[in-house]
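Novice: To start, I am sharing the structure in question, which I have written as structure tokens.
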């Protein structure tokens, strides 16, 4: 009887323990379910790109061909003397500007030519005296007409020989070579003390009242350029921006930068296309173009200066959009326009570029804005909103 009572007590305890475990499991399952509901990901939403846009404007823009080249004199003359001699003075250097009539060089007579001149002078004086003597004898009827004519012919020949030597500068002693026009010395062909042959070049003098600019353009643009097209010229910097000719660093470099910041604008001038070739230069692989710069603009340029040129070749109609608005892929050039808050691709054909903007042709809707920033991440139909900077 006692054993039966103990058994009943154990059964009751086991039942209580089982009930407690069941209750704990239920609580844990409930908490786990609640936790799962709390950490579940929110439903997916559409991606909205941030962009900036501008209005497309239909307009006519100028078209130009960009080229680079250097400034040269429109005409260069070789300075020389028609007689042999020795260079005894050369008071000029390359790059020196000379006024008309200024002395460029002095040349002393060549000993051989001076001797020839003295001999010719003596021969002329002798022939002159002989002619006078024969004429006097003729008046006394002691000479014939043929003798008079022969003496006069000898005198004339001696005079002609002497005049020919004088024209070459013989007998003049030291001769000066002067500038026939305002110009710049572009080259020296002789050195002080050199013995010069007749007509040997001493130096080169280039005119500065009118200049020419030698340009090179891409062969593909040759057909667009014509003689007479206006050209704008801008001088290129002599060294990269921010560099110092003295290699200054630290505070000195800052000072150089400050000076550069207030430097005057680059020299500029205008001209026109004087000639162009139908041949590709084998050295540069470009087509040579010569631009004539009139005297009114020539003063802003310096011989040898490197310049950038814009050759105006006409104008075209198109939609003017920022350069960054035009993208390119395997299908060609295109822009994005915004309609109903979504981006839509529009194919275009660039016609001309001016001041960071591009004139394009294409099925652009004037009523819709063109995406100018943030367009690199767009896809067809992607939602967009204004806000990119």
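Residue numbers (this note's numbering): 1 to 389.
Glycine included, every Cβ here is placed at the ideal spot set by N, Cα and C.
Alpha carbon to alpha carbon, what distance is there between residue 237 and residue 317?
Specialist: For the purposes of this step, residue 317 is taken as residue 317 along the chain shown, with counting starting at 1. For the purposes of this step, residue 237 is taken as residue 237 along the chain shown, with counting starting at 1. Distance between the alpha carbons of residue 317 and residue 237: 34 Å.
Novice: Within this structure, are the beta carbons of residue 175 and residue 81 separated by less than 7 Å?
Specialist: Taking the first residue of the chain shown as position 1, residue 175 is located at position 175. Taking the first residue of the chain shown as position 1, residue 81 is located at position 81. Yes. Within cutoff.
Novice: Taking just the CA atoms, how far does residue 66 sit from residue 372?
Specialist: One-based indexing of the chain shown puts residue 372 at position 372. One-based indexing of the chain shown puts residue 66 at position 66. Cα to Cα, residue 372 sits roughly 25 Å from residue 66.
Novice: I'd like to know whether the C-beta atoms of residue 207 and residue 75 end up nearer to each other than 7 Å.
Specialist: Translated into positions along the chain shown, residue 207 becomes position 207. Translated into positions along the chain shown, residue 75 becomes position 75. Contact flag set, yes.
Novice: One question on the structure: do residue 358 and residue 323 come within less than 7 Å of each other, judged by their Cβ atoms?
Specialist: On the chain shown, position 358 is the one that residue 358 refers to. On the chain shown, position 323 is the one that residue 323 refers to. Closer than 7 Å, so yes.
Novice: From 181, 152 and 278, pick the residue whose C-alpha is nearest to that of residue 220; which is it?
Specialist: As a working note, residue 220 is residue 220 in the chain shown. Measuring from the Cα of residue 220, the nearest candidate turns out to be 278.
Novice: Does the region 154-161 come into contact with the region 121-134, if we say contact requires no fewer than three beta-carbon pairs (one atom in each stretch) closer than 8 Å?
Specialist: The region 154-161, when compared against the region 121-134, does touch it at the 8 Å Cβ threshold.
Novice: Work out the CA separation of residue 354 and residue 92 for me, nearest whole Å.
Specialist: As a first step, residue 92 is located in the chain shown; it is residue number 92 there, counting from the start. As a first step, residue 354 is located in the chain shown; it is residue number 354 there, counting from the start. The straight-line gap from Cα to Cα measures roughly 46 Å.
Novice: What distance in whole Å lies between the Cβ atoms of residue 335 and residue 325, which are believed to be in contact at a cut-off of 8 Å?
Specialist: Position 325 of the chain shown, counting from 1, holds the residue named residue 325. Position 335 of the chain shown, counting from 1, holds the residue named residue 335. With a Cβ gap of about 5 Å, residue 325 and residue 335 count as contacting.
Novice: Compute the distance between the beta-carbons of residue 414 and residue 303, then report whether it is under 7 Å.
Specialist: Because the chain is modelled from 1 through 389, residue 414 falls outside the range shown and cannot be assessed.
Novice: According to DSSP, simplified to helix, strand and coil, what is residue 361?
Specialist: Indexing the chain shown from 1 puts residue 361 at position 361. The answer is strand: DSSP assigns residue 361 an E or B state.
Novice: Out of 112, 182, 216 and 217, point me to the one whose CA is closest to residue 195's CA.
Specialist: Locating residue 195 in the chain shown gives position 195, counting from the first residue. Out of 112, 182, 216 and 217, 112 has the C-alpha closest to the C-alpha of residue 195.
Novice: Using DSSP with H/G/I as helix, E/B as strand and the rest coil, what is residue 219?
Specialist: Here residue 219 is taken as the residue at index 219 of the chain shown, counted from 1. Of the three classes helix, strand and coil, the one that applies to residue 219 here is helix, per DSSP.
Novice: With a threshold of 7 Å on Cβ separation, who are the neighbours of residue 181 within its own chain once the five nearest residues in sequence on each side are excluded?
Specialist: On the chain shown, position 181 is the one that residue 181 refers to. Excluding positions up to five away in sequence, the list reads 100 and 207.
Novice: Please report how far the alpha carbon of residue 265 lies from the alpha carbon of residue 79, in whole angstroms.
Specialist: Looking up residue 265 in the chain shown gives position 265. Looking up residue 79 in the chain shown gives position 79. About 37 Å.
Novice: Hey, how far is the Cα of residue 108 from the Cα of residue 185?
Specialist: The residue labelled residue 108 in the question sits at position 108 within the chain shown. The residue labelled residue 185 in the question sits at position 185 within the chain shown. One C-alpha to the other measures close to 22 Å.
Novice: Any chance you could list the beta strand (DSSP E) runs of at least 3 consecutive residues sitting entirely within the region 89-164, in chain order?
Specialist: List check, beta strand (DSSP E) in window: 103-109.
Novice: By DSSP's criteria, residue 344 is part of a beta bridge. Which residues make up the other side?
Specialist: Along the chain shown, read from residue 1 onward, the residue named residue 344 stands at position 344. Answer by DSSP bridge pairing, in chain order: 337.
Novice: Can you tell me whether residue 167 is helix, strand or coil according to DSSP?
Specialist: Sequence index remark: in the chain shown, residue 167 carries index 167 (1-based). Note: residue 167 maps to helix in three-state DSSP.
Novice: Do residue 384 and residue 362 have their C-beta atoms closer together than 7 Å?
Specialist: The residue given as residue 384 occupies position 384 in the chain shown. The residue given as residue 362 occupies position 362 in the chain shown. Contact flag unset, no.
Novice: Confirm, please, whether the CB-CB distance from residue 51 to residue 381 is below 7 Å.
Specialist: The count along the chain shown starts at 1 and reaches residue 381 at position 381. The count along the chain shown starts at 1 and reaches residue 51 at position 51. Contact: no.
Novice: So for residue 328, helix, strand or coil by DSSP?
Specialist: Within the chain shown, numbered from 1, the residue matching residue 328 stands at position 328. Residue 328: strand per DSSP, three-state reduction.
Novice: Can you give the beta carbon distance from residue 227 to residue 280, rounded, assuming they're within the 8 Å contact cut?
Specialist: Numbered from 1 along the chain shown, position 227 holds the residue referred to as residue 227. Numbered from 1 along the chain shown, position 280 holds the residue referred to as residue 280. That belief does not hold up - the Cβ atoms of residue 227 and residue 280 are roughly 19 Å apart, past 8 Å.
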